[in-house]
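Colleague: Can you read through this structure? Questions will come right after.
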Amino acid sequence: MLIARVIGEMVSTEKHPSHVGRKALVVQPLDLDGGNRGDPVIAFDAVDAGVGDQVLLVTEGFSAMTSVQRPESPIDMAVVGVIDRIDLDALAQTPAAHRK
Amino acid sequence: MLIARVIGEMVSTEKHPSHVGRKALVVQPLDLDGGNRGDPVIAFDAVDAGVGDQVLLVTEGFSAMTSVQRPESPIDMAVVGVIDRIDLDALAQTPAAHRK
Amino acid sequence: MLIARVIGEMVSTEKHPSHVGRKALVVQPLDLDGGNRGDPVIAFDAVDAGVGDQVLLVTEGFSAMTSVQRPESPIDMAVVGVIDRIDLDALAQTPAAHRK
Amino acid sequence: MLIARVIGEMVSTEKHPSHVGRKALVVQPLDLDGGNRGDPVIAFDAVDAGVGDQVLLVTEGFSAMTSVQRPESPIDMAVVGVIDRIDLDALAQTPAAHRK
Amino acid sequence: MLIARVIGEMVSTEKHPSHVGRKALVVQPLDLDGGNRGDPVIAFDAVDAGVGDQVLLVTEGFSAMTSVQRPESPIDMAVVGVIDRIDLDALAQTPAAHRK
């Protein structure tokens, strides 16, 4: 899963029947410093997230579908959590040879 | 899902039986400014999209197959919506540290 | 799906039982101008394609498996069509802002 | 699968019901020299790994879900092993033409 | 599928129950000239491959799982063949416009 920020919404009238009533969010994947990580994508909302929220993003079809309880729906990305905080261990972030 | 624009069609006579009667679109993924994002791909059409339309593109097999109701068909990308507009929140787009 | 060209074949004697009798093609993904797009990959043949053919390539496991009717086989790429031609709309290829 | 190091944990209160009680780890993929390989990701823990551990990371939804025995849960990455050591063969690492 | 070379083995004691008794190989993806293609990955062995072998690598979860007959196991890459040789057609490798 990736950390991301909700930056907008997508509006579509001509769409797949299974998408009716679903909120399509524009989300920007982020790195740990809060900077942008690649380009924004479109994801369906599974946790009632709003614009500005830091969220947890799944980027794989089967998990995205199950998150919105529509296993037969064409969805390959979904917002599945709102992030409160990330606790990092400074020492563990220091690269080191891992072969003994 | 990705935002994309339909830029053409692919014609093929020797093909998988499950593809007969399916419209294969050439679609160009886009960034939020409407600029090209990587190279074009081939996607099957699930919403009767046409050349020039801004569309919603799924890029994963299982979701693409279900979108055209052919779960046993070799399809890994599909056009599943025509985009009316994208509403962005300017403030939310500003990168900021997300650790509290 | 991607546009690709068949450039060779792979020969293997020690292999997974489900691969016996399957033709393994070396395929080079292409961009719309016919230039190389990344590095070649190995794909199973579902439409009797030959060296030099322009083909349609699926790059996802579940769709690749179903294309050769072996859902229990370890296959993640397959050639599923021979491309006759690609019709592009010059106007639609011109990038433009898509937000209204 | 990828080699990675656990560098922190993610805390989320508003989340998908299936995620309750699951430990969400921040993991940094590594190359063979222990250096960073791309950006960190969020993965669920299937083997009680802790911060600082070198771990085996699956980055695909279906395998990640099964690893935590929740096939209906939106999870696309999981930590599935703690790595004791990597034994490399120096000779095999030397690039050489593979066509005979 | 990708061409790769086995360059080592991974040793892990604390691991997912389904991984017990499985050989975890360190494999380096290769381009057609035998040069390295990206970074090495960890893959389970389905054909008794050894260090130094040129192999066929699947990089997708569902196909990797089925290759080792453990559909419920968290595995997303597997070695599914030992490559004897790659036959390339020099002419087909020459890029050319593919639109007629």
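Chains as they are written, first to last, in the numbering used here: chain H, 1199 to 1298; chain G, 1199 to 1298; chain Y, 1199 to 1298; chain C, 1199 to 1298; chain W, 1199 to 1298.
Cβ coordinates follow ideal geometry from the N, Cα and C atoms, glycine included.
(1) May I ask you to report which of helix, strand or coil DSSP gives A1262 (chain H)?
(2) L1255 (chain G) by DSSP, collapsed to three states: which one?
(3) Contact criterion: CB-CB distance below 9 Å. Does D1246 (chain G) meet it with respect to chain Y?
(4) Might you give, ordered along the chain, the residues of its own chain that have their beta carbon closer than 6 Å to the beta carbon of Q1252 (chain G), omitting 5 neighbours on each side?
(5) Does the separation of the CB atoms of A1288 (chain G) and P1272 (chain H) fall below 9 Å?
(6) Quick check: what's the CA-CA separation for F1242 (chain H) versus G1250 (chain G)?
(7) Please report how far the alpha carbon of D1246 (chain G) lies from the alpha carbon of V1256 (chain G), in whole angstroms.
(8) Anything in the stretch 1206 to 1224 of chain G with a Cβ closer than 7 Å to a Cβ of chain B? List those residues in chain order, please.
(9) Taking 8 Å as the limit between beta carbons, can you name the residues of its chain near V1218 (chain W), skipping five residues before and five after?
(10) Kindly indicate the opening and closing residues of the alpha helix (DSSP H) around L1289 (chain C).
(11) If you draw a straight line from the alpha carbon of I1201 (chain H) to that of L1286 (chain C), how long is it in whole angstroms?
(12) Could you tell me the distance, in whole angstroms, from the CA atom of T1211 (chain W) to the CA atom of I1240 (chain W)?
(13) Between which two residues does the beta strand (DSSP E) harbouring D1243 (chain G) extend?
(14) Run through chain G and tell me which residues come within less than 8 Å of V1366 (chain Y), C-beta to C-beta.
(15) Which one of Y:G1206, Y:P1238 and Y:A1290 has the shortest CA to CA distance from P1227 (chain Y)?
(16) Is P1227 (chain Y) helix, strand or coil when you go by DSSP?
(17) Here's a check: name, in chain order, each residue in its chain whose Cβ is nearer than 6 Å to the Cβ of D1274 (chain H), leaving out the five neighbours to either side.
(18) In angstroms with no decimal places, state the Cα-to-Cα distance between G1233 (chain Y) and I1205 (chain Y).
(19) Between the alpha carbons of G1279 (chain Y) and R1283 (chain W), how many angstroms are there, rounded?
(20) State the beta-bridge partners of M1208 (chain Y) as determined by DSSP.
(21) Going by beta-carbon coordinates alone, are M1208 (chain H) and V1224 (chain H) separated by less than 9 Å?
(22) Suppose the cutoff is 7 Å on Cβ atoms and the five residues either side in sequence are ignored; what does the same chain contact list for R1297 (chain Y) look like?
(23) What does DSSP give as the partner residues of V1277 (chain G) in its beta bridges?
(24) Is any beta-carbon of chain H found at less than 9 Å from that of G1232 (chain G)?
(25) Give the single residue among Y:V1266, Y:S1265 and Y:L1254 whose Cα lies nearest to the Cα of L1230 (chain Y).
(26) Give me the chain C residues within the contact set of R1203 (chain H), using Cβ-Cβ distance strictly less than 9 Å, ordered along the chain.
Modeller: Reading off the structure:
(1) helix
(2) strand
(3) no
(4) R1203 and I1281
(5) no
(6) 24 Å
(7) 15 Å
(8) This model lacks chain B altogether; the protein chains it does include are H, G, Y, C and W.
(9) none
(10) A1288 to Q1291
(11) 33 Å
(12) 15 Å
(13) V1239 to D1243
(14) Nothing can be reported for residue 1366 (chain Y): it is not among the residues displayed for chain Y, which extend from 1199 to 1298.
(15) Y:P1238
(16) strand
(17) G1259 and A1262
(18) 13 Å
(19) 25 Å
(20) Y:A1222 and W:I1284
(21) yes
(22) Bear in mind that the predicted position of R1297 (chain Y) carries a pLDDT of just 40, short of 50, making it too unreliable to give a figure here.
(23) G:D1243 and G:L1255
(24) no
(25) Y:L1254
(26) Per Cβ cutoff of 9 Å: no residues; R1203 (chain H) is ~14 Å from chain C at best.
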